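See below for the structure under consideration.
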Amino acid sequence: MMKHISWLILLLGVLVSCQKEDKGWNIDLKAPLPKVKTVDISHQFYDENYSLEDFKKEYPWFQGTVSDEDFMLRRKDTLEINIYKEALKKVNVPELEKGLSELFARVQHYFPQFKTPVVYLYSSAVQDVEVPVFYHAEKNWLFIDIAAFMGEGNHYYRGVNQYLQVSMNSQNLLPKAALALSEHIVPMDRSEQKFIDKMMYEGKLMLLQDALLPNTADYLKIGYTPKQYEWATQNKSNIWNFFVENDLLFSDDMQLSGRFLAPAPFSKFYTEVDNESSPRVGVYTGWEIGRKFFKEKPETPLPQFLNMKGEEIFNQSKYQGK
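Residue numbering for the sequence shown follows the UniProt record's numbering, starting at 1 and increasing by one per position.
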């Protein structure tokens, strides 16, 4: 009898441990899902049968400070037209609309006040690749530069840094759309300047990606290659020890953002490991701390977590680099 009780206690312990192990982000999406029909601005921009005057009436904000003469030249530019056509081949628009519909439904689940935005597609002719998705909160418009998702190594990307091309594949589009919305949902507190604060801001954005894209691979959410994600995972204890041993966590050194948070070919430990390291390991670490927080406190509502101070999340996570 005692033997059976012991096994029962052990089983209950395992179940409790499993419950504490992961925060489940899969939810039942309420039907009907938001209807998303993208508006392709470039389709009309490059259509020679669509007059400039009609285009300007339809999109009076698109031309900006560009003169009519330069605008007309761009509309007839063969290279730009070919880039746009290439982008259309690489980005599956119906599939994108379906993915955006699910993404918006998940945002509305956690933030009921969120309204489905108008989604504009366009081609920047590879000029906006560093910020290819932009959310205009005041108008509730989401802009997507489809020319920034034609695939790593595309011949039109010859002048684009390789480290940027890593996340310029069609499967990176939804994560970047989710990130653009996340940056609006979680505004940065400029008064929090410690490295741990900045790491945890990035960690909040990544946890929000977990919630909004529960079926997307982690390496895509953070903009890594599978190899880069594997390196960060295998070396997370070493990364953490480096931060702790060098007293970086509570430092307000502005250069730490460039070394460990900003897009780059690799992270800058200033050691022999640099060239083989993954970039943005501070973002990865902030993400890991956030995940550890939810293992400790899985009942915490997502909006409450996002409103917490970074240092508070860190302290309650009990994170030790594992």
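For each residue, glycine too, the CB sits at the ideal point set by N, CA and C.
Please read these numbers as outputs of a predicted model, since none were measured by experiment.
Between I146 and V91, the CB-CB gap stays under 7 Å.
In this model, E80 and K57 are separated by some 22 Å (Cα to Cα). The Cβ atoms of F104 and Y120 lie no closer than 7 Å to each other. The count of Cβ pairs closer than 8 Å, one atom from the stretch 238–256 and one from the stretch 192–201, reaches three, so the stretches are in contact.
Counting along the chain, the unbroken alpha helix (DSSP H) around V93 starts and ends at V93 to Y110. Taking all protein chains shown into account, K139 has fewer than 16 neighbouring C-beta atoms within 10 Å of its C-beta and is therefore exposed. About 5 Å separates the beta carbons of V133 and A177, which is inside the 8 Å limit, making them a contact pair. Here N172 is buried: its Cβ has 16 or more other Cβ atoms, across all protein chains shown, within 10 Å. Around E276, the same chain offers W231 and F266 as residues with beta carbons nearer than 8 Å, after the five sequence neighbours per side are excluded. Membership of V118 in the beta strand (DSSP E) is indicated by the continuous run V118 to Y122. Rounded to the nearest angstrom, the gap between the Cα atoms of K227 and M168 is 16 Å. Relative to I83, the option among E95, V93, K30 and H155 whose CA is nearest is H155. By the Cβ-count criterion, N235 is buried, with 16 or more other Cβ atoms from all chains shown falling within 10 Å of its own Cβ. Inclusion of T285 and I239 in the CB contact set at 7 Å is warranted, their separation being smaller than that value. Taking C-beta separations shorter than 8 Å and ignoring five residues to either side along the sequence, the partners of Y219 in its chain run T225, P226, Q228 and Y229, following chain order. Linking D54 to Q63 through their CA atoms gives a straight-line distance of about 13 Å. Within the same chain, Cβ atoms closer than 6 Å to the Cβ of K204 are found at V186 and L306, the five residues on either side in sequence being excluded. In this structure, the alpha-carbon of N161 lies about 31 Å from that of E69.
A Cβ-Cβ contact shorter than 7 Å links H109 with I27.
The alpha-carbon separation between Y135 and S182 amounts to approximately 10 Å. Around the beta-carbon of P279, 16 or more other beta-carbon atoms lie within 10 Å, marking it buried.
In chain order, V186, M188, D189, E192, G286 and G310 place their CB closer than 8 Å to the CB of Y201, counting only its own chain and leaving out the 5 sequence neighbours on each side. DSSP places D145 within a strand segment (E or B) once states are collapsed to three. If you draw a straight line from the Cα of S101 to the Cα of V131, it comes to about 22 Å.
Membership of H155 in any alpha helix (DSSP H) is not indicated, and neither H nor E is assigned to it by DSSP.
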